[in-house]
Amino acid sequence: MRYIVCDHPGSMTLSTMESPIPKKGESLLKIHKIGICGTDIHAFNGNQPYFNYPRILGHELAAEYVKGDAENFIPGEALTFMPYFNCGICVACKNERPNCCSNIKVFGVHMDGGMKEYVVVPNEYLLKGVGLSFDQLTMVEPLAIAAHGVRRGGITENDTVLVMGVGPIGLGLVAFAKIKGARVIGVDVNDFRLNFAKLKFGVDACLNPLNVNLKEELFTLTDGDMATVVIDATGNQSVINGGLQYISHGGRYVLVGLQKGDLVFNHPEFHKRETTLLSSRNANKEDFEHVISCLKKGLIDVDSLITHRLNFSNLPELFENISDPKNKIIKAVIDVI
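Take any residue in the sequence shown, count from 1 to its spot, add 225: that is its number in the numbering used here.
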């Protein structure tokens with residue numbers, strides 16, 4: 226079978242290997258589509274935490290069941306899976322928080338992932354895709370990340386939510402916050418993404434900090450209250466450290482984006498607001514199930530999210546172009562078949 230490996234930062238190679246063979250408790254899947262995630266881009270650029278090379282990337286996957294001993298799955302059916310393999314015995318797992326398992330192995334990050342034609346996956350992580358297209362199944366994992374972030378923030382219809390960064394994860398955050406009935410304000414330095422968020426995802430207001438004083442504009446939009454929930458989806462250190470100034474008194478700050486440096490806040494400003502600081506890592510089964518339910522109900526338009534398609538064979542020479550703003554890519558998907 227064919228596979229693509231990221232040999233070292235800035236380099237990908239297309240090669241071949243033997244197809245894997247499932248053991249007891251595992252299933253063989255044929256990969257149809259692969260979503261390109263910010264994690265993949267960071268890994269390619271050499272700035273992804275928790276990462277070693279060489280590595281086969283890819284964890285946003287739509288597949289076909291080939292064979293194995295999974296109950297209620299039959300050859301030929303479409304599916305996806307949770308790409309976070311947890312230990313089941315650590316304190317997080319025992320407390321039903323497997324998304325932050327202390328021994329977690331994320332497919333395509335801590336272990337080789339899905340940029341290949343066939344993968345073997347433990348049966349307990351499989352998710353049925355009945356009624357969903359391969360495109361929709363490709364988007365389940367990134368949307369689950371967003372759904373988990375919104376759940377971590379405890380967002381309700383009474384909240385004004387500021388989403389910093391309206392790339393694919395940010396758009397998912399917008400979508401699920403809107404489903405909860407919240408007012409949502411999007412922030413980005415890319416006007417194309419801001420316009421996309423307004424036209425396709427119904428964000429209530431768009432702010433570009435390169436063009437406006439963000440704090441003053443937010444103050445005006447909220448009648449001085451600021452945002453009850455601020456969610457970072459940029460993974461940019463200066464943006465994250467500056468986010469406190471946009472939070473209301475009694476507000477919550479949810480960090481979905483990840484960067485390598487330190488968090489630095491002014492303690493009196495943090496303290497006087499009685500701010501709740503939350504990280505949001507990966508997603509749990511209930512988040513995946515919520516996403517699948519929303520997709521089946523037509524609450525999220527995947528066709529709008531996927532703006533570019535790439536061929537598996539050509540990916541190594543094209544990958545470096547994906548993060549170029551000039552290409553106006555919201556979400557790129559690799560067609561394996």
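Backbone N, C-alpha and C define an ideal beta-carbon position, used for all residues, glycine too.
No Cβ-Cβ contact shorter than 8 Å links Phe-426 with Leu-446.
Under the rule that a run must span 3 or more residues, the beta strand (DSSP E) segments found entirely inside the region 521-560 read 531-536, 556-560. With a cutoff of 8 Å on beta-carbon distance, Leu-443 and Leu-387 are scored as near each other. The shortest C-alpha to C-alpha distance from Lys-330 to any of Met-307, Ala-371, Asp-512, Lys-341 is the one to Met-307. In the DSSP assignment, the residues bridged to Ser-240 are Tyr-228. Exclusion of the five residues before and after Glu-302 leaves Tyr-290 as the residues of its chain whose Cβ lies within less than 6 Å of its Cβ. For Gly-283, no alpha helix (DSSP H) run applies, since DSSP gives it neither H nor E. Judged by pairs of C-beta atoms under 8 Å, the region 401-419 does not touch the region 473-485, as fewer than three such pairs exist. If you compare the alpha carbons of Ser-252, Ile-394, Asn-466 with that of Asp-487, the shortest gap goes to Asn-466. Rounded to the nearest angstrom, the gap between the Cα atoms of Glu-251 and Pro-245 is 11 Å. Inter-residue distance for Phe-513 and Glu-494 is about 36 Å (C-alpha atoms, whole angstroms). Of the candidates Asp-384, Val-344, Ile-314, Asp-232, Val-344 places its Cα closest to the Cα of His-284.
Taking 8 Å as the cut-off, the Cβ atoms of Leu-398 and Ala-452 do not count as close. In chain order, Val-386, Ala-402, Lys-405, Ala-407, Val-454 place their CB closer than 7 Å to the CB of Ile-380, counting only its own chain and leaving out the 5 sequence neighbours on each side. Taking a 10 Å sphere around the C-beta of Ile-229, we find 16 or more other C-beta atoms and assign the residue as buried.
With fewer than 16 neighbouring CB atoms inside 10 Å of its own CB, Leu-435 falls in the exposed class. Remark: C-beta atoms of Cys-519 and Pro-367 do not approach each other more closely than 8 Å.
With contacts defined by Cβ atoms closer than 8 Å, Ala-508 and Ala-369 form a contacting pair.
With distances taken between CA atoms, Ile-531 lies nearest to Gly-392 out of His-496, Leu-351, Gly-392, Leu-254. Looking from the CA of Asn-270, the closest CA among Asn-328, Gln-470, His-233, Gly-339 belongs to His-233.
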